[in-house]
Amino acid sequence: MAGIEKVVSPGTHIGLFADDIALWSSRNIIVENESSVNSSLEALSIFAEELKMSFNPVKSISTFFTTNKNLYNYQPSLMLKHQDLMYEKHPKYLGFILDPEFTSSKHISHITLKARKHFNILKYITSRDWGADATTLRTSFQALIRPILEYGFPIYCCASKSNLGKVQLSATHIITGLKRSCPL
90 MAGIEKVVSP GTHIGLFADD IALWSSRNII VENESSVNSS LEALSIFAEE
140 LKMSFNPVKS ISTFFTTNKN LYNYQPSLML KHQDLMYEKH PKYLGFILDP
190 EFTSSKHISH ITLKARKHFN ILKYITSRDW GADATTLRTS FQALIRPILE
240 YGFPIYCCAS KSNLGKVQLS ATHIITGLKR SCPL
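The number in our numbering is simply the position in the sequence shown, starting from 1, with 89 added.
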């Protein structure tokens, strides 16, 4: 897909990673913004067809980010191959759940839930009769759970740390063998 970045309209930007493509534009006038993105989508569709490829409108989504609270529920009218793109308030891109409020709360909730599912493995290997030692549990935490919590950290580092702190506290309880009633 070499040269695809030259196809988009001026003021519209494109990001590529493997088979994921993000197209965005930032303007003060919404109508101009939609028009620019729609013309870029049309140009991208033509570009792909010349390479005997196509973009699937069913798998493509649109979203809208703004700091204007009056436009928070606005849904852009974007089309690909004469089909309206589905609107999604919290799209996922490269494993990161984007949040129109820029708080990263949806992503943090998602990774917290995902990390808690991996706690079952830690709980299993801390069995009462034959459980692993603290070093093994710490290594297991660092290999299984910590990468989940750290993915995307530069983006959400300024967000609320309470949910992530709870997950790490749970891991500390498991690793040290302390009961919940024991404060750390």
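From the three backbone atoms N, C-alpha and C, an ideal C-beta is built for every residue, glycine too.
Item: Just verifying my parser: in three-state terms, what is the DSSP assignment at Ile264?; Value: helix
Item: Three-state secondary structure (DSSP) at Phe154?; Value: coil
Item: Measuring from the CB of Tyr213, is there a heavy atom of the ligand ATP at a distance below 8 Å?; Value: In terms of ligand content, the structure shown is empty, and the ligand ATP therefore cannot be addressed.
Item: To the nearest angstrom, how far is the alpha carbon of Phe153 from that of Pro180?; Value: 10 Å
Item: Count the C-beta pairs between the segment 94 to 114 and the segment 185 to 196 that are closer than 8 Å, then say yes if the count reaches three, no if not.; Value: no
Item: Report buried or exposed for Val126, applying the criterion of at least 16 other Cβ atoms within 10 angstroms of its Cβ.; Value: buried
Item: Let me check one thing: in DSSP terms, what residues is Trp113 bridge-paired to?; Value: His102
Item: Count the other C-beta atoms from every protein chain shown that fall within 10 angstroms of the C-beta of Ser143, then say buried if there are 16 or more, exposed otherwise.; Value: exposed
Item: For Thr228, tell me which candidate among Val256, Lys255, Ser198 and Ala260 has the shortest Cα-Cα distance.; Value: Ala260
Item: Between which two residues does the alpha helix (DSSP H) holding Thr224 run?; Value: Ala223 to Leu233
Item: Determine whether the beta carbon atoms of Glu94 and Leu105 lie at a separation below 9 Å.; Value: yes
Item: Within its chain, find whatever has a CB closer than 6 Å to the CB of His102; leave out the 5 residues flanking it on each side and keep chain order.; Value: Trp113
Item: Can you check which of these residues, Leu140, Ile244, Ile210 and Leu174, is closest to His196 by C-alpha distance?; Value: Ile244
Item: Is Ile263 buried or exposed, if buried means 16 or more other CB atoms sit within 10 Å of its CB?; Value: buried
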